[in-house]
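Trainee: Line order of the protein sequences matches chains F and B. 889 is the number of the first residue of the first sequence in this note's numbering; add one for each residue after it. 889 is the number of the first residue of the second sequence in this note's numbering; add one for each residue after it. Glycine included, each C-beta is placed from N, C-alpha and C at the ideal position.
Protein chains: 2
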Amino acid sequence: MAADEQPVASVWTRPQRRREQPALSRAQIVAEALDLLDTEGIEALSMRKLGARLDAGATSLYRHVANKDELLELAVDEVYGQIEVPDLWGRDWRAAVTVCAESARAVLVKHTWIASVLGQVGLSYLGPNVMRLNERMLGLFEAAGFGLAEADLALSTVMAYVIGTGTTEAAWLTTLARSGHTEQDWVDRLRPAAIEATKPYPRLHKLATGAETDAATARGDGFRYGLDRVLDGLAARLG
Amino acid sequence: MAADEQPVASVWTRPQRRREQPALSRAQIVAEALDLLDTEGIEALSMRKLGARLDAGATSLYRHVANKDELLELAVDEVYGQIEVPDLWGRDWRAAVTVCAESARAVLVKHTWIASVLGQVGLSYLGPNVMRLNERMLGLFEAAGFGLAEADLALSTVMAYVIGTGTTEAAWLTTLARSGHTEQDWVDRLRPAAIEATKPYPRLHKLATGAETDAATARGDGFRYGLDRVLDGLAARLG
DNA sequence: CCTTGTTGCGCACACTGTACGCATAACTGA
DNA sequence: TCAGTTATGCGTACAGTGTGCGCAACAAGG
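Pasting the structure below:
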């Protein structure tokens, strides 16, 4: 045996990697990314930190995921998969769509980071979970009496409304979380500033000085009001 | 005269700054940021690049703006200011709201970067332009016959719908721009993949294989359909 | 045995936001 | 005219980012 001198890293010092499992898989990466996003928010997601959580180097992730953007697309699809689409109980399509919209809102609000990503991630509708969701919702609208083409339009309308409220709520909840206060506390603390700032605008001023209600339930009620109006408008098309 | 030796930078080499104008102001910074955002997109906006455009160092901007986030808040308010709210011609509140919504959509689509920011920027509704916009729209709904509280709900509903479609459209347009193709070209190129991917979903498949129409006008028509439904639903409340 | 392909990783590069402190200019008052 | 105060721009530096590149370790197939 010749004396091959590797300066320090000899066969004996080398860690003798075991490969019991693939140790890294796209699914695992996405799952861990979701956890990181949910607990620490969008700006905390870095490839290095994610890699560290998986006991891996940052660049190792790139074997399973082309991009950070692609990773986010996968995460978004995963979240869409959590939206619940009920079967059509009792022929009441409005109730079914309401449950679905309400579920979508809950999911968006639970994963507030998604709002900062929805505007960047294109082609999300090609993800498997998004497709399954859309397919089932199209079924709901078809059963309600819409033709396929109009069912598509109706679906887009409802989803646009849900995404719009979700985005707005998520923005609010994110700044709220950064402030470290509870929602009610933060609202109360903001009131004087709002009252002062709205002085030149009589209608806004009246709203700002108006009766204070529980902030979180007010958000929920507002969502329901708008959703009911959207569904009213759609129902009217069924004659 | 003693020989004070400053190594190279003597009085003569020093540039003798002239200050004809303040050279940097918050308004100027925001305006330049808007231009940069519109022409090169959100990820192209860095403090250094923005400073360079203004013939200033990156850190100089921080004398006029606390944060990059704050800068974005100012930019968002500026964009909201471009939304047009018509006066109530001919007592037709639906026409007025439609013009306003259509204008909002146009603005969001023109500044696609806003979609990636709306979900992060909190308290945007305290911006002066946003307030003016909301005040005037509340007036529209009040004139239509809504009480102030319900006018607020109606406004939120319409805006949620517009923001939802805007976000979705902006995401699409952004990836489109990155691809470098025209919209129709890109749609045609994507068709086969979409047809293939939708195979397990009969309704989506039917939609994907269906008659191809002009992509951009289809977007516009879809927006109008949903907006009309929302307004139908609101109109029904006026009895 | 050798080849070939897949996976993880260390290094390096160009770039980010922004805290800190200094230098300059404009304004103030005497 | 001169000193003192305040506002503004900027150079440097730090800790972080995404990710291209090429090497090392392994698995499978011939």
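1. Should the segment 1023-1033 of chain F be called in touch with the segment 1028-1039 of chain B, which here means at least 3 C-beta pairs below 8 Å?
2. For E966/B and P1088/B, what's the separation of their Cα atoms in angstroms?
3. Could you tell me the alpha carbon to alpha carbon distance between L1078/B and D1102/B, rounded to whole angstroms?
4. Identify, in the order they occur along the chain, each residue of the same chain with its Cβ nearer than 7 Å to the Cβ of G1054/F, setting aside the five sequence neighbours on each side.
5. Quick one: using the 10 Å Cβ neighbour count with 16 as the cut-off for buried, is Q1008/B buried or exposed?
6. What in chain F is Cβ-close to E1023/B, meaning under 7 Å?
7. Is I1051/B close to chain F, meaning its C-beta is less than 8 Å from at least one C-beta of that chain?
8. Could you say which of G1010/B, A1082/B, L959/B lies nearest to L1064/F if we only look at CA atoms?
9. Counting only C-beta atoms, is G884/F closer than 8 Å to chain B at any point?
10. When you check each C-beta in the segment 1008-1019 of chain F against every C-beta of chain B, which residues fall closer than 8 Å?
11. Runs of 4 residues minimum, wholly inside the segment 912-970 of chain F: which ones carry the alpha helix (DSSP H) assignment?
12. On the CB-based measure, 16 or more other CB atoms within 10 Å of its CB, does L1126/B come out buried or exposed?
13. For the segment 1035-1050 of chain B, enumerate the residues whose C-beta is nearer than 9 Å to any C-beta of chain F, in chain order.
14. By Cβ distance below 6 Å, which residues in the same chain neighbour T1000/B in space, the five residues on each side in sequence not counted?
15. Check the C-beta distance from G1114/F over to A1048/B and give it rounded, since I have them as a contact under 8 Å.
16. May I have a chain-ordered list of the alpha helix (DSSP H) segments no shorter than 4 residues that lie completely inside the segment 1026-1089 of chain F?
17. Distance check for R1112/F and L1041/B, CA to CA, integer angstroms please.
18. Tell me, please, whether the CB atom of T1056/B is closer than 8 Å to any CB atom in chain F?
19. Just to check my reading of the structure: A1123/B and R982/B have Cβ atoms closer than 8 Å, yes? What is that Cβ distance to the nearest angstrom?
20. Which bits of chain F does T1101/B rub up against, with CB to CB less than 8 Å?
21. Using three-state DSSP, classify R1112/B as helix, strand or coil.
22. Closer than 8 Å, CB to CB, is R1117/F near chain B or not?
23. Note down the Cα distance separating M1019/B from A1082/F, rounded to an integer number of angstroms.
24. Leaving out five residues on either side along the sequence, give the residues of the same chain with a beta carbon under 7 Å from the beta carbon of V1118/F.
25. Would you report the Cα separation of V985/F and M1025/F, rounded to the nearest angstrom?
26. For H999/B, which three-state DSSP category applies?
27. Taking DSSP as the reference, what is the three-state secondary structure of V987/B?
28. Counting only C-beta atoms, is T927/F closer than 8 Å to chain B at any point?
29. Just checking my contact of E924/B with L933/B at CB under 8 Å: how many whole Å lie between their CB atoms?
30. Thinking just about the alpha-carbon of each residue, which of P1016/F, E1023/F, G1110/F, E1038/F is nearest to the one in L1043/B?
31. Along chain F, in chain order, which residues have C-beta atoms closer than 7 Å to that of L1095/B?
32. With burial defined as no fewer than 16 other Cβ atoms inside 10 Å of the residue's Cβ, what is the status of G945/B: buried or exposed?
33. According to DSSP, is D975/F part of a helix, a strand, or is it coil?
34. Would you mind working out which of E990/F, E961/F, E958/F, V964/F sits nearest V973/F, comparing C-alpha positions?
35. Does E961/F pass the burial test, meaning 16 or more other C-beta atoms within 10 Å, or should it be called exposed?
36. Could you give the distance in angstroms between the alpha-carbon of T1070/B and the alpha-carbon of S1067/F?
Mentor: Walking through what the data contain:
1. no
2. Numbered from its first residue, the second sequence carries residue 966/B at position 78. Numbered from its first residue, the second sequence carries residue 1088/B at position 200. Spanning the two alpha carbons is a distance of roughly 45 Å.
3. Indexing the second sequence from 1 puts residue 1078/B at position 190. Indexing the second sequence from 1 puts residue 1102/B at position 214. Going by the C-alpha atoms only, they are around 14 Å apart.
4. In the first sequence, counting from the first residue as 1, residue 1054/F sits at position 166. Excluding residues within five positions, the ones whose Cβ falls inside 7 Å are R993, L996, V997, A1003.
5. Looking up residue 1008/B in the second sequence gives position 120. Q1008/B should be labelled buried.
6. As a first step, residue 1023/B must be located in the second sequence, where it is residue number 135. The contacting residues are Y1089, R1091, L1092.
7. In the second sequence, counting from the first residue as 1, residue 1051/B sits at position 163. By this cut-off, I1051/B is an interface position.
8. Residue numbering aside, residue 1064/F sits at position 176 when the first sequence is read from its first letter. Comparing Cα positions, the closest option is G1010/B.
9. Absent from the model: residue 884/F. The displayed extent of chain F is 889 to 1127, so no value can be given.
10. Residues Q1008, V1009, G1010, L1011, S1012, L1014, M1019.
11. 914-928, 935-941, 956-968
12. Taking the second sequence and counting its residues from 1, one reaches residue 1126/B at position 238. Its Cβ having fewer than 16 others within 10 Å, L1126/B is exposed.
13. L1036, A1037, E1038, A1039, D1040, L1041, A1042, S1044, T1045, V1046, M1047, A1048, Y1049, V1050
14. Numbered from 1 along the second sequence, position 112 holds the residue referred to as residue 1000/B. Excluding residues within five positions, the ones whose Cβ falls inside 6 Å are A1058, L1061, T1062.
15. One-based indexing of the first sequence puts residue 1114/F at position 226. One-based indexing of the second sequence puts residue 1048/B at position 160. Indeed, because the Cβ distance is near 6 Å, the residues count as touching under 8 Å.
16. 1036-1067, 1071-1085
17. Working through the second sequence from its first residue, we reach residue 1041/B at position 153. Working through the first sequence from its first residue, we reach residue 1112/F at position 224. Straight-line Cα distance between these residues: approximately 10 Å.
18. Mapped onto the second sequence, residue 1056/B falls at position 168. So, interface residue.
19. Position 235 of the second sequence, counted from the first residue, corresponds to residue 1123/B. Position 94 of the second sequence, counted from the first residue, corresponds to residue 982/B. Contact holds; Cβ gap of about 7 Å.
20. Numbered from its first residue, the second sequence carries residue 1101/B at position 213. Against T1101/B, chain F offers no close residue; the least beta-carbon distance is about 11 Å (beta-carbon pairs closer than 8 Å).
21. If you number the second sequence from 1, residue 1112/B lands on position 224. Three-state result, R1112/B: helix.
22. For the purposes of this step, residue 1117/F is taken as residue 229 along the first sequence, with counting starting at 1. Yes, its Cβ sits closer than 8 Å to a Cβ of chain B.
23. The residue you call residue 1019/B lines up with position 131 of the second sequence. The residue you call residue 1082/F lines up with position 194 of the first sequence. Those two C-alpha atoms are separated by around 11 Å.
24. Taking the first sequence and counting its residues from 1, the one referred to as residue 1118/F is at position 230. So the list reads T1045, V1046, Y1049, once near-sequence residues are dropped.
25. Within the first sequence, residue 985/F is the residue found at index 97, counting from 1. Within the first sequence, residue 1025/F is the residue found at index 137, counting from 1. Cα-Cα distance, rounded: 8 Å.
26. Residue numbering aside, residue 999/B sits at position 111 when the second sequence is read from its first letter. Residue state, collapsed to three classes: coil.
27. Within the second sequence, the letter at position 99 stands for residue 987/B. Of the three classes helix, strand and coil, the one that applies to V987/B here is helix, per DSSP.
28. Position 39 of the first sequence, counting from 1, holds the residue named residue 927/F. Closer than 8 Å: no.
29. Taking the second sequence and counting its residues from 1, one reaches residue 924/B at position 36. Taking the second sequence and counting its residues from 1, one reaches residue 933/B at position 45. The sequence as given places Leu at residue 924/B; Glu does not occur at that position. Their Cβ separation, rounded to whole angstroms, is 6 Å, which keeps L924/B and L933/B in contact under 8 Å.
30. Residue mapping note: residue 1043/B aligns to position 155 of the second sequence, counting from 1. With distances taken between Cα atoms, L1043/B lies closest to G1110/F.
31. As a working mapping, residue 1095/B is identified with position 207 in the second sequence. Result: L1036, D1040.
32. Counting from 1 along the second sequence, the entry for residue 945/B is found at position 57. Exposed, by the Cβ-count rule.
33. Working through the first sequence from its first residue, we reach residue 975/F at position 87. D975/F falls in the coil class under three-state DSSP.
34. Locating residue 973/F in the first sequence gives position 85, counting from the first residue. Checking every option, the nearest Cα to that of V973/F belongs to E990/F.
35. Against the first sequence, residue 961/F aligns to sequence position 73. Under this definition E961/F is a buried residue.
36. Counting from 1 along the second sequence, the entry for residue 1070/B is found at position 182. Counting from 1 along the first sequence, the entry for residue 1067/F is found at position 179. Rounded to whole angstroms, T1070/B to S1067/F spans 43 Å at the Cα level.
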